[in-house]
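I have placed the structure first, in the form of structure tokens, so that the comments after it can refer back to it.
Numbering (mature numbering (1 follows the signal peptide of the UniProt record, and there is no 0)), first residue to last: -26 to -1, 1 to 316.
Written out as structure tokens, the structure reads:
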């Protein structure tokens, strides 16, 4: 009996080795890119007695927004989207378009309105660091994303401005790409007669010259596209002027509105460790820990049972697992497939 059992086991093993794919092969597993967790919008709803302004952009806009707030004074409520003070903010235009609906609402997913919205994408679209290939956006897609974003922002009734991307001081190659994307952005914005563009690129080169340069009085220590605090103050002068230009065109009797989608279900509340609700996600989404959100929470959109990845930036749909190699720069999701042998 033992000899027969051993023979049957050996035959089974031979059959499986001959006709089944190897465990861990591409046929056995499917791999898809992980989704990036959307960070929430600003904290405050619109003020009834102030001019409400929203800045959408990357870490450079995070740097100059506090100076814009200081320069404009108490008659303005200026907020940044997403609500992120430590990372790349709205990142690239793909991420911006993906998460835009959240950016235009509060962190508690409350509808709100803005008198002025200014936005920028570009630095992350060129993958300036070389570390985040998921951020890179091809030029044609970049232009199309900007077109879609501008259309959505204009539909809110706000006055809209675009800020051209600032230089990359440490690389002529990357800086040439910035100039290429700025030309594309400028052309797109010219198709919207009411969108005003601020040339922050030239504003910087007026102070620092054309790249490459190893140092400039307003630039951070190289290699970096960022700025010193006096540098961010310098950038904010041009951004402040853009906002004031847009405010002059506001019809004080206009009622700003944003068409709201019909709710398909209840939103999802995200609680911190104490049980306090700190962020709200749209229906059919999953709350995730977010490494770079001020609230510590973000949303995996359109995935009701998503799996948050340990990097605090990505998530995978139900039935998938985050690859062990996931990092804030890149991440994939792996799903084991059941193979039936006839």
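Here a beta-carbon is modelled for each residue, glycine too, at the ideal position from N, C-alpha and C.
- Rounded to the nearest angstrom, the gap between the Cα atoms of residue 197 and residue 185 is 12 Å.
- For residue 245, there is no enclosing alpha helix (DSSP H); the residue is part of the beta strand (DSSP E) that begins and ends at 242 to 245.
- Our two residues, residue 29 and residue 7, have alpha carbons roughly 29 Å apart in a direct line.
- By the beta-carbon neighbour count (other beta carbons within 10 angstroms, threshold 16), residue 119 is buried.
- For residue 28, the enclosing beta strand (DSSP E) starts and ends at 25 to 30.
- With a minimum length of 3 residues, the unbroken runs of beta strand (DSSP E) contained wholly in the region 276 to 307 fall at 288 to 290.
- Taking the Cα of residue 21 as reference, the smallest distance to any Cα among 86, 13, 195 is reached at 86.
- A residue is called buried once 16 or more other Cβ atoms fall within 10 Å of its Cβ, and residue 9 is buried on that count.
- The criterion of a C-beta distance shorter than 9 Å is not satisfied by residue 17 and residue 72.
- 9 Å or more divides the Cβ of residue 92 from the Cβ of residue 155.
- DSSP links residue 38 through a beta bridge to no other residue.
- By a beta-carbon distance limit of 8 Å, residue 117 does not contact residue 138. Their separation comes to about 14 Å.
- Minimum Cα-Cα distance from residue 26 among the listed residues 114, 106, 79 corresponds to 79.
- For residue 83 against residue 241, the beta-carbon gap comes to about 5 Å, under 8 Å, which counts as contact.
- Here the alpha carbons of residue 303 and residue 106 stand approximately 5 Å from one another.
- Residues of the same chain with a CB within less than 7 Å of the CB of residue 140, apart from the 5 flanking positions on each side, are 34, 174, 175, 178, 199 in chain order.
- Counting along the chain, the unbroken alpha helix (DSSP H) around residue 73 starts and ends at 67 to 77.
- Membership of residue 219 in any beta strand (DSSP E) is not indicated; the residue belongs instead to the alpha helix (DSSP H) covering 203 to 221.
- In the DSSP assignment, residue 93 is bridged to 30, 136.
- Excluding residues up to 5 positions away in sequence, 36, 268 lie with their Cβ nearer than 7 Å to the Cβ of residue 59 in the same chain.
- Going by C-alpha positions, residue 38 is about 15 Å away from residue 97.
- DSSP places residue 48 outside both helix and strand once states are collapsed to three, so it counts as coil.
- Look at residue 5 here: in three-state DSSP terms it is strand.
- Of the other Cβ atoms in all chains shown, 16 or more fall within 10 Å of the Cβ of residue 281; this residue is therefore buried.
- Note: residue 260 is bridge-paired with 274 in the DSSP secondary-structure output.
- Judged by DSSP in its simplified three-state form, residue 194 adopts coil rather than helix or strand.
- DSSP lists no beta-bridge partner residue for residue 60.
- Sequence-distant Cβ neighbours of residue 284 in its own chain, meaning closer than 8 Å and more than five residues away, are 296, 300.
- Between residue 276 and the set 262, 286, 270, the nearest pair of CA atoms involves 262.
- According to the DSSP assignment, residue 147 belongs to the alpha helix (DSSP H) that extends over 146 to 164.
- Rounded to the nearest angstrom, the gap between the Cα atoms of residue 150 and residue 157 is 11 Å.
- At a Cβ-Cβ threshold of 9 Å, residue 81 and residue 15 count as neighbours.
- Assignment of residue 124 by DSSP, reduced to helix, strand and coil, places it in the helix class.
- Contact between residue 272 and residue 11 holds: CB atoms are separated by about 4 Å, below the 8 Å threshold.
- Distance check between residue 258 and each of 270, 292, 206, 264 places 292 closest, using alpha-carbon atoms only.
- The beta carbons of residue 89 and residue 221 sit closer together than 9 Å.
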